[in-house]
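Trainee:
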Amino acid sequence: MRIPMIAGNWKMNTTVGEAVELVTEIRKGISGLHDVERVICPPFVSLAAVKEALKRTSIKLGAQNLYFEEKGAYTGEVSALMVADLCEYVIIGHSERRQYFGETGEIVNRKVGAALKVGLKPILCIGEKLEDNEAGRTEEVVTEQLRSSLAGIDVCAGLVVAYEPIWAIGTGRAAHGKQVNATATLIRRTLAELYSQEVAQETRILYGGSVTAENIAKFMEQSEIDGALVGGASLKVDQFTSIIRQTESIFFPNNPPTKDLIPW
Ligand code: PEP
Numbered sequence: 001m002r003i004p005m006i007a008g009n010w011k012m013n014t015t016v017g018e019a020v021e022l023v024t025e026i027r028k029g030i031s032g033l034h035d036v037e038r039v040i041c042p043p044f045v046s047l048a049a050v051k052e053a054l055k056r057t058s059i060k061l062g063a064q065n066l067y068f069e070e071k072g073a074y075t076g077e078v079s080a081l082m083v084a085d086l087c088e089y090v091i092i093g094h095s096e097r098r099q100y101f102g103e104t105g106e107i108v109n110r111k112v113g114a115a116l117k118v119g120l121k122p123i124l125c126i127g128e129k130l131e132d133n134e135a136g137r138t139e140e141v142v143t144e145q146l147r148s149s150l151a152g153i154d155v156c157a158g159l160v161v162a163y164e165p166i167w168a169i170g171t172g173r174a175a176h177g178k179q180v181n182a183t184a185t186l187i188r189r190t191l192a193e194l195y196s197q198e199v200a201q202e203t204r205i206l207y208g209g210s211v212t213a214e215n216i217a218k219f220m221e222q223s224e225i226d227g228a229l230v231g232g233a234s235l236k237v238d239q240f241t242s243i244i245r246q247t248e249s250i251f252f253p254n255n256p257p258t259k260d261l262i263p264w
């Protein structure tokens with residue numbers, strides 16, 4: 001069985017002090033929940049402090065980016081090995097990086113390769129623009145992004161794919177559960193073509209795009225969606241803890257119920 005996963009992408013938010021405060025509150029809010037894998041992705045400068053705050057918990061740490069070169073004169077960049085020193089996961093190819101920092105498919109591919117080489121688990125983000133969606137090109141765009149991101153990579157153990165339609169990110173306009181399930185099925189089929197049925201069945205596929213405590217259930221109830229990458233709502237303790245709590249009760253209905261802070 002694929003272990004469900006909820007990852008919080010804090011983007012460029014929180015000072016170090018705020019990050020520690022936030023993660024401490026989140027930790028308290030989800031104590032007793034262990035079956036869903038929980039990952040926090042704070043800004044680079046807060047990784048060490050957040051790691052310390054997560055000591056003796058099973059909550060994992062992720063970075064939001066890396067650079068593909070191993071070392072050298074790349075002022076301001078952070079290598080995969082540096083990230084791997086602190087984190088188990090790394091977000092790669094987020095649409096904001098593609099849009100604002102010119103990350104091409106080739107760059108994303110090199111970053112995925114660099115992460116896997118040092119044992120980091122990439123959370124690879126793919127997703128179509130609104131105009132592609134409206135023109136019925138979602139399948140084509142998503143398949144092409146997945147193929148180019150993984151080109152020349154023979155082993156992708158630990159890879160997580162986050163399907164994030166760009167028009168749904170930070171807009172409050174989430175996709176429909178059934179449509180996301182259909183795209184996740186396509187992603188799995190493409191992984192089977194690139195690797196094997198086994199890899200396709202083992203790889204977790206997350207949905208991302210305006211996930212909240214109010215809409216998480218409609219995604220987690222779909223057969224091919226294994227979790228969520230959460231942006232805005234991961235900065236709100238009540239929202240994020242409820243998203244994790246609801247995910248755990250959907251995937252593990254026999255676990256004893258724990259109390260939600262707010263009845264959504
Ligand atoms: C994201 O940053 O990956 C994301 C999905 O953001 P939001 O949840 O705010 O739409």
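So the sequence shown is numbered by the working numbering: it starts at 1 and just counts up by one. The beta carbon of each residue, even a glycine, is placed where N, CA and C say it ideally should be. Quantities reported herein were computed from a predicted structural model and do not represent experimental measurements.
1. Under 7 Å: does the beta carbon of K236 sit that close to some heavy atom of ligand 1?
2. Whose CA, out of K60, A63, S79 and L61, lies closest to the CA of E69?
3. What's the C-alpha gap between Q197 and D35?
4. Put R38 into one of helix, strand or coil per three-state DSSP.
5. Assuming V160 and L124 make a contact with CB atoms under 8 Å, what is their CB distance in whole Å?
6. So for V155, helix, strand or coil by DSSP?
7. Any heavy atom of ligand 1 closer than 7 Å to the beta-carbon of H34?
8. What are the start and end residues of the beta strand (DSSP E) that includes R204?
9. Based on the DSSP secondary-structure assignment, which residues constitute the bridge partners of S79?
10. Keeping to the same chain, check which residues put their C-beta closer than 8 Å to that of G177; ignore five residues upstream and five downstream.
11. With DSSP run on the structure shown, which of helix, strand or coil describes G62?
Mentor: Looking at the coordinates:
1. Looking up residue 236 in the sequence shown gives position 236. For ligand 1, not one heavy atom lies less than 7 Å from the Cβ of K236.
2. The residue labelled residue 69 in the question sits at position 69 within the sequence shown. The candidate whose alpha carbon is nearest that of E69 is S79.
3. Numbered from its first residue, the sequence shown carries residue 197 at position 197. Numbered from its first residue, the sequence shown carries residue 35 at position 35. If you take the alpha carbons of Q197 and D35, they lie about 25 Å apart.
4. Mapped onto the sequence shown, residue 38 falls at position 38. It is a strand residue.
5. For the purposes of this step, residue 160 is taken as the residue at position 160 of the sequence shown. For the purposes of this step, residue 124 is taken as the residue at position 124 of the sequence shown. Correct: roughly 7 Å between the Cβ atoms.
6. The residue you call residue 155 lines up with position 155 of the sequence shown. Looking at V155 - three-state DSSP - the assignment turns out to be coil, as it is neither helix nor strand.
7. As a first step, residue 34 is located in the sequence shown; it is residue number 34 there, counting from the start. Answer for H34: no, Cβ out of range of ligand 1.
8. By one-based count along the sequence shown, residue 204 stands at place 204. Element bounds for R204: R204 to G208.
9. Residue mapping note: residue 79 aligns to position 79 of the sequence shown, counting from 1. According to DSSP, which records beta bridges pairwise, S79 is partnered with Y67.
10. On the sequence shown, residue 177 is found 177 positions in, with the first residue counted as 1. Taken in chain order, the residues that qualify are K218, F219, E221, Q222 and I225.
11. Along the sequence shown, read from residue 1 onward, the residue named residue 62 stands at position 62. In this structure, G62 counts as strand in the three-state DSSP scheme.
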